[in-house]
Structure formats: structure tokens, C-alpha cells
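What follows is a short report on a single structure.
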Amino acid sequence: MSRTRRVAVTSPQTRLARSRRQARGRWRMPRLQVADAERAAVLYRAQRRRGIPALVAMFVLVLGLPAVFAAAPGLDNVRLWGIPLSWLMIALLPYPVMVALARWQLRRAEDAERPEDEQ
Numbered sequence: 001m002s003r004t005r006r007v008a009v010t011s012p013q014t015r016l017a018r019s020r021r022q023a024r025g026r027w028r029m030p031r032l033q034v035a036d037a038e039r040a041a042v043l044y045r046a047q048r049r050r051g052i053p054a055l056v057a058m059f060v061l062v063l064g065l066p067a068v069f070a071a072a073p074g075l076d077n078v079r080l081w082g083i084p085l086s087w088l089m090i091a092l093l094p095y096p097v098m099v100a101l102a103r104w105q106l107r108r109a110e111d112a113e114r115p116e117d118e119q
């Protein structure tokens, strides 16, 4: 009886990733200069503070629609183009509002990153 040797078959990308991981060793985040670290901390707090209203608006949108439907069950009886209005509100309303919220938040985040003299 001849025994065949078992061979593990892996993707070239997998071998490459494993060899890089072993060659590099442990990665450490570079230390910032004191002034840069302070600016990063201030910017982080400003970004977080500016993000809260957008996050709250998103929760109001996502949790508010079911509340509207619970408060006004008659929306199921109202039809537009033969489709219940509640279905249209679920399918069409959230996405443009989310896009608008995202653009608004992005603009506010970019304003926070802009240096004081450019604002």
C-alpha cells in the first residue's frame, strides 16, 4: 500500500499575508508630538460633540416612524397609487433623510477640522 502525502492548499494571498505578518513583528502606533496630540484630542472631542445631534436625529427617524404608525393607524387605509401610505413612508422617507443627515454631518466634521484662520 502506498501512502500519499497530504498537502495543504492555500491561496497565494493567504501565504503572502502570513509571511508579512510573521516578518513584521508587532506593530505599534507612532507617538504624536505634544502639540499634535493636544490638537487631536480637541478635534476628537469636537467631532464627538458635533456627531451627537446627527445620531439623535437618526434615532428619531428610525424609532419615530413606528411611533407615528402606532399613533395613526389610519395611515394603512390611506392609499397613494394603490399603495398604503405607511408602506411608502417606510420605503421612501428614511433614505433621503439619511443622505441629508450624512451630508450635514460631513460638512460639520470638515468644518471642525478646518484651521481657525480659514473659518
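Okay, so the sequence shown: first residue is 1 according to full-length UniProt numbering, each after it adds one.
Heads up, the beta-carbon is just placed ideally off N, CA and C, and yes, glycines get one too.
In this structure, does DSSP put residue i in helix, strand or coil?
i           : result
residue 96  : helix
residue 79  : strand
residue 30  : coil
residue 84  : strand
residue 115 : coil
residue 108 : helix
residue 72  : coil
residue 139 : The chain is shown from 1 up to 119; residue 139 falls before or after that span and cannot be answered.
Rounded to whole angstroms, what's the CA-CA distance from residue i to residue j? Just pull it up for me.
i           : j           : result
residue 96  : residue 5   : 59 Å
residue 92  : residue 32  : 46 Å
residue 130 : residue 62  : Given that the chain is displayed from residue 1 to residue 119, the structure contains no residue 130 and the question cannot be resolved.
residue 44  : residue 64  : 29 Å
residue 38  : residue 51  : 20 Å
residue 110 : residue 94  : 24 Å
residue 69  : residue 101 : 22 Å
residue 76  : residue 53  : 31 Å
residue 87  : residue 112 : 38 Å
residue 55  : residue 49  : 10 Å
residue 40  : residue 115 : 12 Å
Please name the residue, chosen from the options, that lies closest to residue i on a Cα-to-Cα basis.
i          : options        : result
residue 57 : 98, 89, 69, 42 : 98
For the ligand NAP, is there a heavy atom less than 8 Å away from the beta-carbon of residue i?
i          : result
residue 77 : The ligand NAP is not part of the structure shown, which contains no ligands of any sort.
- request: Determine contact between the segment 75–85 and the segment 101–117, defined as no fewer than three beta-carbon pairs at a distance below 8 Å.
  value: Judged by Cβ distances under 8 Å, the segment 75–85 makes no contact with the segment 101–117, as fewer than three pairs qualify.
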